[in-house]
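A.B. asks:
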Amino acid sequence: QSNTYKTCELLIEYFTPRLREYIAVERVLDHIHFIEAEQKEQIAQKLRAEGNNLAADLLISAVIKKPHTPGWFRAFVDALRHSGCEYAADYIQVKLPEPEVEAENDYCVRLVEILSPSLVDINTNDVCLLCFSEGLLTQNDSEIITAETNNRGNMNGARELLKRIVRGRPGWFSQFVEILRKTEHQFLYQLTGGSPDSDKQVLLFDTTMCYVLLCADEKQPSQTDEPMESETTEDPQDESTGFTEHLCSLITSGGPEKADISLRDYQVDVAKPALEGENIIICLPTGSGKTRVAVYITKKHLDGRRAEGQSGKVVVLVNKVPLVEQHYSTEFLPFLKHAYKVERVSGDCQLKISFTEIVKHNDVIICTAQILENFLERACSGEDEGVKLSDLTLIIIDECHHTQKEGVYNHIMMRYLKQKHKNKRLKKEQKEPVPLPQILGLTASPGVGGATKTEKAVDHILQICANLDASNIMTRRLREHKKEPRKTTVTVEDRKMDPFGDVIKKIMNAIHNHAQLIPTSDLGSQNYEQWVVQTERKAAKEEDQKVRVCAEHLRQYNEGLNLSNTIRMCDAFNFLNKFYMEELKKKTTTDQEQIIKITESERFLFNLFKDNKQELQKLTENPAYENDSLSKLRTKILQEFSTRTEARGIVFIKTRRSAIALSQWVQENTKFADIGVKASHVIGGGDQSVVKPMTSAEQKDVLTKFHNGDINLLIATTVAEEGLDIPACNFVIRYGVATNEIAMIQAEGRGRAEDSSYTVVEVKNSGVAEKEFVNEYRKDMMYKAIDKIRTLKQEDYDKKITEFQYQAIMEEKVRNKKKKQEVIKNESPSKVKFRCRGCATHVCTGDDIQIIEDMHRVNVTAQFSKRFIRRENTSRKEQLLDYEVNGFIACKDCGQKWGSIMSYRGVECPCLDVKNFVVTVSDKTISKFTKWSELPVKFPAFDYAEHARQMVESSDDDETE
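The C-terminal position of the sequence shown is numbered 974 in the numbering used here, with every residue numbered one higher than the one before it.
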């Protein structure tokens with residue numbers, strides 16, 4: 014019996030999240046008799062004060078509280094059934110819906126919530142009657158809804174109906190939609206997914222549509238019901254042993270969903286400090302399950318807070334939009350949805366509810382970091398409620414090596430660090446500190462930040478640890494768990510002849526001469542591209558149209574040169590030809606082939622391409638002039654697919670255009686098709702490039718096909734290096750692209766399968782072989798630096814972290830001050846107003862201020878002289894070159910000191926000290942200035958000759974009188 018009771022307790026505890034949703038506490042209390050009256054009253058008070066959810070928790074605690082009375086479990090089941098909470102009773106009797114049915118029901122509940130502003134316009138009495146006759150509502154439900162409608166109006170009655178109907182067993186939604194049709198609520202019928210053709214009783218409800226629309230969260234209102242007699246049936250000890258064993262196996266196995274999260278030993282080791290509440294960074298190679306560890310920590314965090322009677326709030330931050338959906342659908346939702354509410358938000362998301370509301374009504378929120386930063390700023394500026402760090406209990410930062418410099422992760426963490434150090438002061442003042450969330454950082458590689466020595470690499474990693482307030486960086490090399498891929502570098506020979514490239518370079522040099530430009534690096538190199546981009550921007554700023562248009566065309570030729578060196582000459586020619594065709598189209602009208610204005614430089618550029626077009630096209634037909642890199646890549650791909658039973662690989666390439674061209678080349682090559690190569694490309698989703706970006710849906714479609722085997726060769730830009738969930742590959746090729754050690758480690762990690770290979774293929778002007786060698790050196794340096802950090806004593810580590818944090822805060826203050834100064838710098842002096850700090854009297858405007866020797870701000874206007882009193886300097890007068898201090902000036906009204914009287918080349922000038930004034934710039938009061946350099950407005954220089962002339966004339970007038 015004790016074992017059976019224990020099983021029933023575990024069962025109720027396991028399904029508590031569902032019971033909270035489907036139990037109507039007030040009605041259940043009327044039907045449950047084994048709880049003492051005093052306990053019932055406490056639950057009822059909880060219900061009135063804090064709502065149904067928390068009251069349900071207290072009710073469940075009372076139900077499973079020992080000692081148990083005989084038949085308590087069956088009595089609880091009967092109480093649920095007789096109070097209209099059949100779906101809750103189903104759960105604890107293990108009458109579980111299929112996962113997809115349960116998910117669809119959840120979507121239906123939430124859809125009703127989001128559509129409730131429209132649904133409350135139903136004719137409540139008609140709908141209620143049919144819902145009761147269809148068994149969607151009990152008689153008591155119907156009576157309460159009718160009473161609410163009669164007493165408080167139709168809309169309140171409708172709200173009561175919606176609260177009760179969503180607690181039904183799966184299938185209620187389709188019945189409810191049909192009832193809307195029958196009661197002639199045509200608009201609401203279609204809004205909830207009904208067929209527009211009312212004569213056809215077909216429900217078009219689609220969970221995918223619902224999934225996109227959903228944005229409201231489930232609310233648990235209190236409900237009332239009339240008491241009914243309870244029937245107590247047999248004691249659970251009489252039930253079959255098989256049923257008990259089934260319950261035990263269900264609980265220990267995690268149920269029908271992914272409820273249990275099993276970790277490897279190394280994953281458990283790196284998670285331990287986080288499970289104890291510490292801020293840490295988890296550094297594990299790509300493919301070693303960092304995200305799974307984060308899900309595990311999230312669940313334990315939320316479980317722990319719930320056990321303590323507190324709510325938890327976890328935000329998972331990512332730096333790329335596709336990662337939001339990936340983490341949501343493949344990791345956090347499958348493992349947590351049974352117990353917690355999980356939602357995702359990004360720029361691509363269709364949810365239209367406020368992010369603030371999403372945070373309030375969910376336990377786990379996965380979003381892009383910029384969204385959180387925006388709402389933190391809203392709360393800080395007082396624009397609206399926003400989101401505060403104190404609202405959250407755990408922040409998980411994916412790819413946390415980006416938490417540095419001006420990155421958005423660092424903006425969020427800077428808010429955290431400032432509040433952390435404010436809390437120290439509050440504690441000293443014996444004031445309540447502001448609660449801050451726990452921080453968990455995830456990365457495959459923190460990198461070395463360009464360091465050439467281990468000491469500098471240590472500092473770089475410690476800086477990231479400090480930015481994340483990490484008490485430790487947890488890592489494993491995992492060589493015993495995962496073999497590192499075999500690495501080879503394929504070098505190429507320079508073309509003996511490159512006439513195609515020579516023609517392009519001839520064209521580029523002609524453009525240089527035309528625009529009088531002198532390039533600073535080799536044509537076709539990345540440095541050249543940077544130079545030409547800077548040249549174009551500078552020319553646009555200076556409105557030099559000749560240089561601007563030439564620089565734009567040079568950039569296209571440089572891209573054509575890169576395509577010729579990377580892919581085929583025909584790809585480069587087609588690209589350039591298409592560019593010039595589109596440029597010519599811009600110069601013609603749509604209705605008639607009439608030439609619009611063409612500048613002399615544009616005509617020169619068009620003719621230059623036209624004169625060389627035939628020669629370029631002819632050269633593309635000679636395969637002897639193709640680059641050696643492409644032939645080496647062809648050989649490597651053929652080797653991988655011919656020597657493996659099931660080959661699957663990624664080729665990383667530099668640009669979007671190259672990725673598309675290379676994918677097309679593979680698809681057109683019959684040798685690849687003969688050995689089963691099925692290629693496609695995946696590129697980034699941003700709009701920075703002239704190449705049309707891929708949408709998240711398009712990326713997902715390609716990656717799904719790659720996962721399923723419909724595609725076995727992925728041509729990818731760096732979008733696939735970081736974060737995106739790409740299935741295990743057995744070969745990775747970096748084709749003429751090398752960035753830094755972080756990207757290299759992430760690319761290596763894509764080769765997750767056993768016996769995987771990692772190959773670098775050199776491309777002309779890429780320097781990839783040399784860069785890869787440097788990256789290997791930096792990778793080893795990084796691991797040595799991490800090992801060195803982990804051997805530090807905790808007090809030494811903490812001291813360094815604190816120093817870096819204070820340094821970061823000070824640097825942030827300097828940056829903010831510079832930003833403010835940049836804004837103020839361009840303001841007109843007339844927009845600056847000065848008020849007395851003592852009495853707030855208006856003193857003068859910036860138009861009255863002049864500068865002596867780029868240092869002293871003086872006001873020599875007659876109006877200003879009437880506003881101050883003069884006090885003599887009792888100390889020895891200061892003699893400084895051309896001027897001396899003869900006394901002080903103070904406010905005539907309150908005596909506040911304003912500055913001094915300085916004698917400059919025989920002229921007495923009131924010199925202002927800015928710290929004595931309240932300064933307003935463009936009607937915005939700026940925080941107190943301590944020195945003039947903090948107010949970088951360009952005041953005019955003091956015109957000594959003009960002022961001396963006015964004084965002489967005034968003196969002459971006095972003598973005449």
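The beta-carbon is built from N, C-alpha and C at its ideal position, and this holds for glycine as well.
Since this is a predicted model, take the numbers as computed values, not measurements.
1. Starting from Met487 and walking both ways along the beta strand (DSSP E), at which residues does that stretch end?
2. Assign Ser96 to one of three DSSP states: helix, strand, or coil.
3. Tell me whether Tyr917 sits in a helix, a strand or coil according to DSSP, three-state version.
4. If you count every other CB in all the chains shown that lies within 10 Å of the CB of Leu24, and 16 or more means buried, which is it?
5. Name the DSSP beta bridge partners of Gln863, please?
6. Using only the alpha-carbon positions, how far apart do Gly255 and Tyr341 sit?
7. For Ser187 and Glu115, I'd like the C-alpha separation in whole angstroms.
8. In the DSSP assignment, find the unbroken beta strand (DSSP E) run with Thr3 in it and report its ends.
9. Please go through the same chain and pick out, in chain order, the residues whose beta-carbon is closer than 7 Å to the beta-carbon of Trp544, but skip the five residues on each side of it.
10. Taking all protein chains shown into account, do 16 or more other C-beta atoms lie within 10 angstroms of the C-beta of His351, making it buried, or fewer, making it exposed?
11. Please state whether DSSP places Ile293 in a helix, a strand or coil.
12. With distances taken Cα to Cα, identify the nearest neighbour of Val873 among Glu959, Glu789, Lys801.
13. Can you tell which of Asn485, Leu389, Tyr570, Glu565 has its C-alpha closest to the C-alpha of Ile520?
14. Enumerate in chain order the residues of its own chain whose CB-to-CB distance from Ala782 is below 7 Å, with the five nearest sequence positions on each side excluded.
15. CA-CA distance, Asn423 and Glu386?
16. Leaving aside the five residues before and after Leu629 along the sequence, list all residues of the same chain whose C-beta is less than 7 Å from its C-beta, in chain order.
17. Take Ile663 and list the residues in its own chain whose beta-carbon comes closer than 6 Å to its own, dropping the five residues that flank it on each side.
18. Tell me the DSSP secondary structure of Thr938 in three-state form.
19. Look at the alpha carbon of Val122 and the alpha carbon of Val377, and state the distance between them as a whole number of angstroms.
20. Determine which residues share a DSSP beta bridge with Thr456 and list them.
21. Where do the N-terminal and C-terminal ends of the alpha helix (DSSP H) with Leu536 fall, by residue?
22. For Gly548, tell me which candidate among Glu681, Val562, Leu536 has the shortest Cα-Cα distance.
23. Nearest by alpha-carbon distance to His415: which of Leu330, Ser74, Pro335, Phe345 is it?
24. Mind checking who Gly662 pairs with in its DSSP beta bridge?
25. Can at least three beta-carbon pairs, one atom from the segment 81 to 101 and one from the segment 40 to 59, be found at a separation below 8 Å?
26. Whose C-beta lies closer than 8 Å to the C-beta of Ile802 among residues of the same chain, with five residues either side of it excluded?
27. Where does Asn721 fall in DSSP's three states?
28. Could you pull the start and end residues of the beta strand (DSSP E) that Val845 belongs to?
29. Tell me whether the beta-carbon of Asn292 lies closer than 8 Å to the beta-carbon of Asp482.
30. Can you give, in chain order, each stretch of the beta strand (DSSP E) that sits fully within the segment 578 to 648 and has at least 3 residues?
31. Which class does Thr381 belong to by DSSP, given the choice of helix, strand or coil?
32. Looking at Leu716: is its Cβ nearer than 8 Å to the Cβ of Val695?
33. With a cut-off of 8 Å on the beta carbons, I'd call Leu143 and Ile192 a contact; round off their distance for me.
34. Could you check which residue in Ile902, Val934, Met757 has the C-alpha nearest to that of Pro298?
35. With Pro348 as the anchor, note down where its alpha helix (DSSP H) starts and where it stops.
36. In whole angstroms, what is the alpha-carbon distance linking Thr854 and Ser878?
C.D. replies: Once the coordinates are examined:
1. Residue 487 sits at position 474 when you count from the first residue of the sequence shown. Per DSSP, Met487 belongs to the beta strand (DSSP E) from 485 to 488.
2. The residue given as residue 96 occupies position 83 in the sequence shown. The answer is coil: DSSP assigns Ser96 none of H, G, I, E or B.
3. As a position in the sequence shown, residue 917 is number 904, starting the count at 1. In the structure shown, Tyr917 sits in a strand (DSSP, three-state: E or B).
4. If you number the sequence shown from 1, residue 24 lands on position 11. Counting Cβ neighbours within 10 Å, Leu24 comes out buried, since at least 16 surround it.
5. Taking the first residue of the sequence shown as 1, we reach residue 863 at position 850. Val871.
6. Numbered from 1 along the sequence shown, position 242 holds the residue referred to as residue 255. Numbered from 1 along the sequence shown, position 328 holds the residue referred to as residue 341. With a pLDDT of 41 at Gly255, under the threshold of 50, the predicted position of this residue should be treated as unreliable, and no value is reported.
7. Position 174 of the sequence shown, counted from the start, is the residue given in the question as residue 187. Position 102 of the sequence shown, counted from the start, is the residue given in the question as residue 115. Rounded to whole angstroms, Ser187 to Glu115 spans 14 Å at the Cα level.
8. With the chain represented from 14 up to 974, any question about residue 3 goes unanswered, as that position is not in the structure.
9. Counting from one through the sequence shown, the residue named residue 544 turns up at place 531. The residues are Pro532, Thr533, Ser534.
10. For the purposes of this step, residue 351 is taken as the residue at position 338 of the sequence shown. That one is buried.
11. Counting from one through the sequence shown, the residue named residue 293 turns up at place 280. Here Ile293 sits in strand by DSSP.
12. Here residue 873 is taken as the residue at index 860 of the sequence shown, counted from 1. Val873 has its Cα closest to that of Glu959, out of Glu959, Glu789, Lys801.
13. For the purposes of this step, residue 520 is identified with residue 507 of the sequence shown, where counting begins at 1. Ile520 has its Cα closest to that of Tyr570, out of Asn485, Leu389, Tyr570, Glu565.
14. Looking up residue 782 in the sequence shown gives position 769. The answer, listed in chain order, is Thr502, Thr504, Val773, Glu775.
15. Position 410 of the sequence shown, counted from the start, is the residue given in the question as residue 423. Position 373 of the sequence shown, counted from the start, is the residue given in the question as residue 386. Rounded to the nearest angstrom, the two C-alpha atoms are 10 Å apart.
16. Numbered from 1 along the sequence shown, position 616 holds the residue referred to as residue 629. Same-chain partners within the cutoff: Phe513, Val516, Phe586.
17. The count along the sequence shown starts at 1 and reaches residue 663 at position 650. Cβ neighbours of Ile663 beyond the five flanking positions: Leu727, Ala729, Cys742, Val745, Arg763.
18. If you number the sequence shown from 1, residue 938 lands on position 925. Strand.
19. Taking the first residue of the sequence shown as position 1, residue 122 is located at position 109. Taking the first residue of the sequence shown as position 1, residue 377 is located at position 364. Between Val122 and Val377, the C-alpha separation is close to 19 Å.
20. Sequence index remark: in the sequence shown, residue 456 carries index 443 (1-based). Its beta-bridge partners are Cys296.
21. What you label residue 536 is simply residue 523 of the sequence shown in a count that begins at 1. Unbroken run through Leu536: none, as it is neither H nor E.
22. Against the sequence shown, residue 548 aligns to sequence position 535. With the sequence shown as reference, residue 548 is identified as Thr, and Gly is not the correct amino acid for it. It is Val562 whose Cα lies nearest to the Cα of Thr548.
23. Within the sequence shown, residue 415 is the residue found at index 402, counting from 1. When only C-alpha atoms are compared, the closest one is Leu330.
24. Here the question's residue 662 lines up with position 649 in the sequence shown. DSSP, once it has assigned bridges, lists Leu726, Phe744 as partnering Gly662.
25. yes
26. Position 789 of the sequence shown, counted from the first residue, corresponds to residue 802. Taken in chain order, the residues that qualify are Val471, Ile474, Leu475, Cys478, Ile486, Tyr810.
27. Numbered from its first residue, the sequence shown carries residue 721 at position 708. Helix.
28. As a first step, residue 845 must be located in the sequence shown, where it is residue number 832. 845 to 849 is the span of the beta strand (DSSP E), which, as asked, contains Val845.
29. Numbered from its first residue, the sequence shown carries residue 292 at position 279. Numbered from its first residue, the sequence shown carries residue 482 at position 469. In this structure, Asp482 lies closer than 8 Å to Asn292 by Cβ.
30. none
31. What you label residue 381 is simply residue 368 of the sequence shown in a count that begins at 1. Strand, per DSSP.
32. Reading the sequence shown from its first residue, position 703 is the one you call residue 716. Reading the sequence shown from its first residue, position 682 is the one you call residue 695. It is a contact, given that the beta carbons lie within the stated cut-off.
33. Locating residue 143 in the sequence shown gives position 130, counting from the first residue. Locating residue 192 in the sequence shown gives position 179, counting from the first residue. Their Cβ separation, rounded to whole angstroms, is 5 Å, which keeps Leu143 and Ile192 in contact under 8 Å.
34. In the sequence shown, the residue the question calls residue 298 occupies position 285. Ranking the options by Cα distance to Pro298, first place goes to Met757.
35. Your numbering for residue 348 matches position 335 in the sequence shown. For clarity, residue 348 is Phe in the given sequence; the question names Pro instead. Residues 346 to 349.
36. What you label residue 854 is simply residue 841 of the sequence shown in a count that begins at 1. What you label residue 878 is simply residue 865 of the sequence shown in a count that begins at 1. When rounded, the distance between both Cα atoms is 14 Å.
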